[in-house]
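**Q** Next up is a structure, given as structure tokens.
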Amino acid sequence: MMINNHIIDLINYAIEKRLIQNEDFEYSYNRVTDILKVKQQHYVSNDNKRVKQLSIILNLILDFAYNNRLFTPNSTKQRDLFESKLMDVFSSLPSDLNKTFYHLFNENPVKATDFFYKMSQDNNYIKNDRIAKNIKWQSTTKYGILDMTINLSKPEKDPRDIIAQSGKNDTDYPLCLLCKENVGFYGNNTHPGRSNHRIIKLNLNQEEFYLQYSPYVYYNEHSIVLMKDHIPMNVSENTFKRLFDFVDMFPHYFLGSNAGLPIVGGSILSHEHYQGGRHHFPIEDAKEVFISKIGKVSFKYLVWPLSVIRLESTNREQLIDKAIKLFEFWENYSDEESGIYSNTDVPHNAITPIARKNGDTYILDMTLRNNLTSSEFPLGIFHPHPTHHNIKKENIGLIEVMGLAVLPARLKEELKAVKNALINNVELTQELAIHKDWLTELKDRYKGEEIEKFINDQVADKFMRCLEDSGVFKQTPSGIENFNKFISLLINALNK
Numbered sequence: 061m062m063i064n065n066h067i068i069d070l071i072n073y074a075i076e077k078r079l080i081q082n083e084d085f086e087y088s089y090n091r092v093t094d095i096l097k098v099k100q101q102h103y104v105s106n107d108n109k110r111v112k113q114l115s116i117i118l119n120l121i122l123d124f125a126y127n128n129r130l131f132t133p134n135s136t137k138q139r140d141l142f143e144s145k146l147m148d149v150f151s152s153l154p155s156d157l158n159k160t161f162y163h164l165f166n167e168n169p170v171k172a173t174d175f176f177y178k179m180s181q182d183n184n185y186i187k188n189d190r191i192a193k194n195i196k197w198q199s200t201t202k203y204g205i206l207d208m209t210i211n212l213s214k215p216e217k218d219p220r221d222i223i224a225q226s227g228k229n230d231t232d233y234p235l236c237l238l239c240k241e242n243v244g245f246y247g248n249n250t251h252p253g254r255s256n257h258r259i260i261k262l263n264l265n266q267e268e269f270y271l272q273y274s275p276y277v278y279y280n281e282h283s284i285v286l287m288k289d290h291i292p293m294n295v296s297e298n299t300f301k302r303l304f305d306f307v308d309m310f311p312h313y314f315l316g317s318n319a320g321l322p323i324v325g326g327s328i329l330s331h332e333h334y335q336g337g338r339h340h341f342p343i344e345d346a347k348e349v350f351i352s353k354i355g356k357v358s359f360k361y362l363v364w365p366l367s368v369i370r371l372e373s374t375n376r377e378q379l380i381d382k383a384i385k386l387f388e389f390w391e392n393y394s395d396e397e398s399g400i401y402s403n404t405d406v407p408h409n410a411i412t413p414i415a416r417k418n419g420d421t422y423i424l425d426m427t428l429r430n431n432l433t434s435s436e437f438p439l440g441i442f443h444p445h446p447t448h449h450n451i452k453k454e455n456i457g458l459i460e461v462m463g464l465a466v467l468p469a470r471l472k473e474e475l476k477a478v479k480n481a482l483i484n485n486v487e488l489t490q491e492l493a494i495h496k497d498w499l500t501e502l503k504d505r506y507k508g509e510e511i512e513k514f515i516n517d518q519v520a521d522k523f524m525r526c527l528e529d530s531g532v533f534k535q536t537p538s539g540i541e542n543f544n545k546f547i548s549l550l551i552n553a554l555n556k
């Protein structure tokens, strides 16, 4: 049977990647054949060491599983659920993984994260074949270079899955996509497969947290740090202590928190978590303007589309103290001329804090946020405005704050149509009417230059304007004046 050859190829892949040892061959073979309901062959050899590409092996096995009614429908979601179960066979027990991780950590934290990240790719929790399809480029703007991505790796909902889901009441276990109970969870009609998902236990601020990698990897070693308990997002004094505990443990990583309020927060507000990783973001190269030094803490503001104050110090305690006071000052700050109201019937001011280390220096970028809405801007006054929704409508989270655009997959085909309309001077179809006004602007700007670069730069310009929309103090003479007024009042308050 050909399926036996595919199973052997899969096991040899796992051995080659050191997910398992040679001695685990028979055990793994019996586990996989049991999952696939395949009759074992008495004479099984692993002498053929030819290792194929993992995605090819898995697709052959998944085709067999579907044809033998081991899952249905034959959608990406159902294939992913079953694949995750297969790859769990080659994934370490969580306890063994943690032991290996901390053994390496005691040698060098970089070795530990390198090991964990490689394992998360090799066991296909991170699907590199899909991530490779993401479209990436860089464009230069008046603020510097922005990193642009169109994310194609996160699967869209299949209509067949929606039909299968209807009428089914799945349990509320796990409570959300971040809960630690996801480890080893098969998944269901509303929940992705996590059989091969693993996490590393952390102690941050003497509280239990866990480190995992994002399966969609928006940037290098895209990490998520989640709290043990399922409690809502909340930026507080503890947030800053946790962030700096983390970068002390992993000085080669950054860690940041989305704001804890809707509109200016992330997509999951129900579970306390942070995002980090090993990537150099455009915000790190933003022009700095020195404000003041209080004690051992330097204050700077950034020439950036959002309103960002950077704190730097070799003294962690002093930096945290000033960060807390800045946060509290902003929480209660209003500026009618700028349209900033800290409270109506609910709080509106929030902070997006991002921590990292450079040698012995702690760096904390604090982005001022406000989630006020109006009849003109029901999705948020300080949120991408409707004129830019053809490119970006979603919340501006900490990843975008740092200058990395995560744009919707629909743009891959839509931008092709825009290019065609621009070059051949034709109209867009009704389905693409969302780009009509933008196309009119592009026709005025386009002077016959290389079309790919032109469109990429125009998309980046749109994204930059989305960030400017999200800035509480605008990049206008009055906006800059009001930002300087805020800074002056802040420094006076911190000096008291």
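Just so we're aligned: the sequence shown equals residues 61 to 556 in this note's numbering. Ideal Cβ placement from N, Cα and C applies to all residues, glycine included. Just so you know, these numbers come straight off a predicted model, no measurement behind them.
Give me, in chain order, the residues of the same chain whose beta-carbon lies closer than 7 Å to that of asparagine 555; leave out the 5 immediate sequence neighbours on both sides.
**A** Walking along the sequence shown from the start, residue 555 turns up at place 495. Closer than 7 Å at the Cβ level, and outside the excluded window around asparagine 555, lie Ile354.
**Q** By how many angstroms is the C-alpha of aspartate 84 removed from the C-alpha of glutamate 460?
**A** Taking the sequence shown and counting its residues from 1, the one referred to as residue 460 is at position 400. Taking the sequence shown and counting its residues from 1, the one referred to as residue 84 is at position 24. Those two C-alpha atoms are separated by around 44 Å.
**Q** If you run the structure through DSSP and keep just helix, strand and coil, what is valine 243?
**A** The residue labelled residue 243 in the question sits at position 183 within the sequence shown. Three-state result, valine 243: coil.
**Q** Please return the same chain residues whose Cβ sits closer than 7 Å to the Cβ of lysine 479, not counting the five positions on each side in sequence.
**A** The residue given as residue 479 occupies position 419 in the sequence shown. So the qualifying residues of the chain are Ile511, Ile515.
**Q** Which same chain residues, not among the five before or five after asparagine 430, have their C-beta less than 6 Å away from its C-beta?
**A** Along the sequence shown, one-based indexing puts residue 430 at 370. For asparagine 430, where only same-chain residues beyond five positions count, the Cβ hits under 6 Å are Ile400, His408, Asn409, Phe442, Val532.
**Q** Between the Cα of leucine 475 and the Cα atoms of Ile451, Asn485, Ile456, which residue gives the shortest distance?
**A** Along the sequence shown, read from residue 1 onward, the residue named residue 475 stands at position 415. Of Ile451, Asn485, Ile456, the residue nearest in Cα terms is Ile451.
**Q** Compute the distance between the beta-carbons of leucine 286 and histidine 331, then report whether it is under 8 Å.
**A** Here the question's residue 286 lines up with position 226 in the sequence shown. Here the question's residue 331 lines up with position 271 in the sequence shown. Yes, the Cβ-Cβ distance between leucine 286 and histidine 331 is below 8 Å.
**Q** Within 10 angstroms of the Cβ of threonine 412, are there 16 or more other Cβ atoms? Answer buried if so, exposed if not.
**A** Here the question's residue 412 lines up with position 352 in the sequence shown. Buried, since its Cβ has 16 or more Cβ neighbours within 10 Å.
**Q** Assuming contact is defined by CB atoms lying nearer than 8 Å, are leucine 371 and lysine 347 in contact in what I supplied?
**A** Here residue 371 corresponds to residue number 311 of the sequence shown, with the count starting at 1. Here residue 347 corresponds to residue number 287 of the sequence shown, with the count starting at 1. No, they are not a contact pair.
**Q** Quick check on DSSP: helix, strand or coil for methionine 426?
**A** Residue mapping note: residue 426 aligns to position 366 of the sequence shown, counting from 1. Of the three classes helix, strand and coil, the one that applies to methionine 426 here is strand, per DSSP.
**Q** My understanding is that leucine 379 touches leucine 424, with C-beta atoms under 8 Å, so please give their C-beta distance in whole angstroms.
**A** On the sequence shown, residue 379 is found 319 positions in, with the first residue counted as 1. On the sequence shown, residue 424 is found 364 positions in, with the first residue counted as 1. That pair is a contact at about 6 Å.
**Q** Taking the C-alpha atoms as reference points, what is the distance between isoleucine 416 and isoleucine 67?
**A** As a first step, residue 416 is located in the sequence shown; it is residue number 356 there, counting from the start. As a first step, residue 67 is located in the sequence shown; it is residue number 7 there, counting from the start. Note that residue 416 is arginine in the sequence shown, not isoleucine. Approximately 44 Å, taken between the alpha carbons.
**Q** Going by DSSP in three states, aspartate 207 sits in which element: helix, strand or coil?
**A** Residue mapping note: residue 207 aligns to position 147 of the sequence shown, counting from 1. In the structure shown, aspartate 207 sits in a strand (DSSP, three-state: E or B).
**Q** Three or more beta-carbon pairs under 8 Å between the segment 151-163 and the segment 248-263, yes or no?
**A** Cβ pair count under 8 Å is three or more, so yes.
**Q** Give the secondary structure of glutamine 490 by DSSP, where H, G and I count as helix, E and B as strand, and everything else as coil.
**A** Here residue 490 refers to the residue found at position 430 when the sequence shown is read from its first residue. If DSSP states are grouped into helix, strand and coil, glutamine 490 belongs with the helices.
**Q** For proline 407, which residues does DSSP report across the bridge?
**A** Sequence index remark: in the sequence shown, residue 407 carries index 347 (1-based). Answer is Asn403, bridged to proline 407.
**Q** Going by beta carbon distance, what residues of the same chain come within less than 7 Å of serine 548, once the five residues before and after it are set aside?
**A** Against the sequence shown, residue 548 aligns to sequence position 488. Taken in chain order, the list of residues that qualify is empty.
**Q** Mapping DSSP to helix, strand and coil, what is methionine 62?
**A** One-based indexing of the sequence shown puts residue 62 at position 2. Looking at methionine 62 - three-state DSSP - the assignment turns out to be helix.
**Q** What would DSSP say about asparagine 263, mapped onto helix, strand or coil?
**A** Taking the first residue of the sequence shown as position 1, residue 263 is located at position 203. Three-state DSSP puts asparagine 263 in a strand.
**Q** Closer than 8 Å by C-beta to threonine 160: which residues in its own chain qualify, once you throw out the five before and the five after it? Chain order, please.
**A** Residue mapping note: residue 160 aligns to position 100 of the sequence shown, counting from 1. Answer for threonine 160: Ser152, Phe175, listed in chain order.
**Q** List the endpoints of the continuous alpha helix (DSSP H) containing isoleucine 121.
**A** As a first step, residue 121 is located in the sequence shown; it is residue number 61 there, counting from the start. Taken as a continuous stretch (DSSP letters only), the alpha helix (DSSP H) holding isoleucine 121 covers 114-127.
**Q** How many Å lie between lysine 97 and isoleucine 117 at the Cα?
**A** Translated into the one-based positions of the sequence shown, residue 97 becomes position 37. Translated into the one-based positions of the sequence shown, residue 117 becomes position 57. Distance between the alpha carbons of lysine 97 and isoleucine 117 is about 17 Å.
**Q** Just curious, the beta strand (DSSP E) that serine 373 is in, first and last residue?
**A** Your numbering for residue 373 matches position 313 in the sequence shown. Taken as a continuous stretch (DSSP letters only), the beta strand (DSSP E) holding serine 373 covers 368-373.
**Q** With glutamine 101 as the anchor, note down where its beta strand (DSSP E) starts and where it stops.
**A** The residue labelled residue 101 in the question sits at position 41 within the sequence shown. That residue, glutamine 101, is in no beta strand (DSSP E); it is neither H nor E in DSSP.
**Q** Is the shortest distance between the beta-carbon of proline 365 and the beta-carbons of chain B less than 8 Å?
**A** Protein chains in the displayed structure number just one, and chain B is not present.
**Q** For leucine 321, name the three-state secondary structure that DSSP assigns.
**A** What you label residue 321 is simply residue 261 of the sequence shown in a count that begins at 1. Coil.
**Q** In angstroms, rounded to a whole number, what distance separates the CA positions of phenylalanine 437 and proline 446?
**A** Start at 1 with the first residue of the sequence shown, and residue 437 comes out as number 377. Start at 1 with the first residue of the sequence shown, and residue 446 comes out as number 386. So the two alpha carbons sit approximately 8 Å from each other.
**Q** With a 10 Å radius around its C-beta and 16 neighbouring C-beta atoms as the bar for buried, classify proline 127 as buried or exposed.
**A** Numbered from its first residue, the sequence shown carries residue 127 at position 67. Checking the displayed sequence, the identity of residue 127 turns out to be asparagine instead of proline. By the 10 Å Cβ count, asparagine 127 comes out exposed.
**Q** Among all the DSSP beta bridges, which residues are the ones paired with serine 358?
**A** As a working note, residue 358 is residue 298 in the sequence shown. Beta-bridge pairing links serine 358 to Lys353, Glu372.
**Q** Tell me which residues share the same chain as leucine 271 and place their Cβ nearer than 7 Å to its Cβ, disregarding the 5 neighbours each side in the sequence.
**A** On the sequence shown, position 211 is the one that residue 271 refers to. Excluding sequence neighbours, leucine 271 sits near Ile259, Ile260, Leu262, Ser283, Val285.
**Q** Specify the secondary structure class of aspartate 218 as computed by DSSP and reduced to three states.
**A** On the sequence shown, position 158 is the one that residue 218 refers to. At aspartate 218, the pLDDT of 43 sits below 50, so the modelled position is not reliable and the matter cannot be decided from this model.
**Q** Excluding the five sequence neighbours on either side, which residues of its own chain have a C-beta within less than 7 Å of the C-beta of asparagine 82, listed in chain order?
**A** In the sequence shown, counting from the first residue as 1, residue 82 sits at position 22. Once the five neighbours on either side are set aside, the close Cβ partners of asparagine 82 are Ile75.
**Q** Could you say which of Asn188, Leu464, Lys360 lies nearest to glutamine 113 if we only look at CA atoms?
**A** For this step, residue 113 is matched to residue 53 along the sequence shown. If we check each option's Cα against that of glutamine 113, Asn188 comes out closest.
**Q** Report the option in Glu487, Met293, Asn64, Tyr393 whose CA atom is closest to the CA atom of leucine 499.
**A** As a working note, residue 499 is residue 439 in the sequence shown. Leucine 499 has its Cα closest to that of Glu487, out of Glu487, Met293, Asn64, Tyr393.
**Q** Which two residues bound the contiguous beta strand (DSSP E) that contains glycine 337?
**A** By 1-based counting over the sequence shown, the position of residue 337 is 277. Residues 333-337.
**Q** By how many angstroms is the C-alpha of valine 357 removed from the C-alpha of lysine 301?
**A** Residue 301 sits at position 241 when you count from the first residue of the sequence shown. Residue 357 sits at position 297 when you count from the first residue of the sequence shown. Lysine 301 and valine 357: Cα-Cα distance of roughly 16 Å.
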